[in-house]
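K.L.:
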Amino acid sequence: MTTARVRLVDSTGTVVGSGEPGPRRRLAAAAEQRPDTERLDRIHTELVVAALARRGLQQFIDVRLPMLRGFEDDLHRIARRIQPRATWLCIDHELPSSRARRTLGTMLGGAHVVRARFEEMDQLLDAAEARLDRTQPIAVLLHDVLFQVRDAPARAGMVLLREWLAAGSAVSLTHPSPDLIGRARPADLTARRAPLFQGRRRAQIAALLDGFHQVGRMVPTHQWHPSHPYRGQPGWAAGGYAALAFTPHPSSREGACM
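Numbering of the sequence shown is given in my numbering, commencing with residue 720 and proceeding in unit increments.
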């Protein structure tokens, strides 16, 4: 193997030094080539939100872990650039369900934030119904949430959600999996740290969407959207799978919305 050498050049173009790249330079180059899971997931989320907004959806529910929040206003702005009347509701999953109806606040972009646990889907849906029009399609983002929910309540919650959503609604799901996460770099797994980790395989994750109509295949998160700039990275780079599904009887248009 040939080791690359670097040359140090001053402002006049004169070579003032040379040698093999040091450890920091090599690590920086590797990081640039393979972004961490948080960046891969964020780009995926932005692409999904834009695609759903272009399809005509104007209502979004973002069920999230509080430790993973931080760019919801950006997502709301992406939706509103395409759908000026788009509304955004954030559900903080980890906080006590007894306060599910209490509004925590309004973000700069106008999104509401409430507390509700996925395991108690009736309270989550009550919080959503108080703020959204459930007679119209709603997009639900379940990105890296269900790995903290055990199998029985996860399946039961998805059934209630499917029955509550209007026709033409969408569910975007991402889920870390031992199929992929075992090969991801340890530094990339910090966002996955949680008291409860349900390590579901691909088939088990797909089963959570039973009764929905899945569009396309369930693939590694950064490989799901054809416009993802890191789509060429190895399948294990994101450490999890992504899928999109509609309810209850999608039309043929949905396959072309991405």
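Virtual Cβ for every residue (Gly too), placed ideally from N, Cα, C. No experiment lies behind these values; they were computed from the predicted model shown.
For Ile797, report the span of its alpha helix (DSSP H) as first-last.
P.N.:
Glu791 to Ile801
K.L.:
Could you tell me which of Trp883, Ala873 and Val833 sits nearest to Leu892, measuring between CA atoms?
P.N.:
Ala873
K.L.:
Let me confirm a value: Gly959 is counted as buried when at least 16 other C-beta atoms fall within 10 Å, else exposed. Which label applies?
P.N.:
buried
K.L.:
Along the chain, where does the beta strand (DSSP E) that runs through Val859 open and close?
P.N.:
For Val859, the enclosing beta strand (DSSP E) stretches over residues Ala858 to His862.
K.L.:
Which two residues bound the contiguous alpha helix (DSSP H) that contains Leu844?
P.N.:
Met840 to Glu848
K.L.:
Arg773 and Cys809: beta carbons closer than 9 Å?
P.N.:
no
K.L.:
Using DSSP with H/G/I as helix, E/B as strand and the rest coil, what is Pro897?
P.N.:
helix
K.L.:
By DSSP, does Thr940 sit in helix, in strand, or in coil?
P.N.:
helix
K.L.:
Please confirm if the region 787-804 is in contact with the region 762-773, defined as three or more CB-CB distances below 8 Å between the two stretches.
P.N.:
yes
K.L.:
Beta-carbon within less than 7 Å of Gly951's beta-carbon, same chain only, minus the 5 sequence neighbours each way: which residues are those?
P.N.:
Cβ within range, chain order: n/a, list empty.
K.L.:
Look at His763 and Ala964 and say whether their C-beta atoms are less than 9 Å apart.
P.N.:
no
K.L.:
Alpha carbon to alpha carbon, how far is Ala749 from Pro953?
P.N.:
Summary for Ala749: the model assigns pLDDT 40, below 50, so the residue's position carries little reliability, and this model does not support an answer.
K.L.:
In or out: Phe916 buried (at least 16 other Cβ within 10 Å) or exposed?
P.N.:
exposed
K.L.:
Would you kindly report the start and end of the unbroken beta strand (DSSP E) that includes His831?
P.N.:
DSSP places His831 in the uninterrupted beta strand (DSSP E) bounded by His831 to Arg834.
K.L.:
Name the one or two DSSP bridge partners that Arg783 has.
P.N.:
Asp811
K.L.:
Can you round the beta-carbon distance between Ala858 and Ala846 to whole angstroms, since I take them to be within the 8 Å contact cut?
P.N.:
So it is not a contact: roughly 16 Å between Cβ atoms.
K.L.:
Out of Glu838, Val832, Asp863 and Asp760, state which residue places its alpha-carbon closest to the alpha-carbon of Ala849.
P.N.:
Among Glu838, Val832, Asp863 and Asp760, the Cα nearest to that of Ala849 belongs to Val832.
K.L.:
Note down, in chain order, each residue of its chain lying with its Cβ closer than 7 Å to the Cβ of Gln802, except the 5 sequence neighbours on either side.
P.N.:
These residues qualify, in order along the chain: Ala772 and Gln777.
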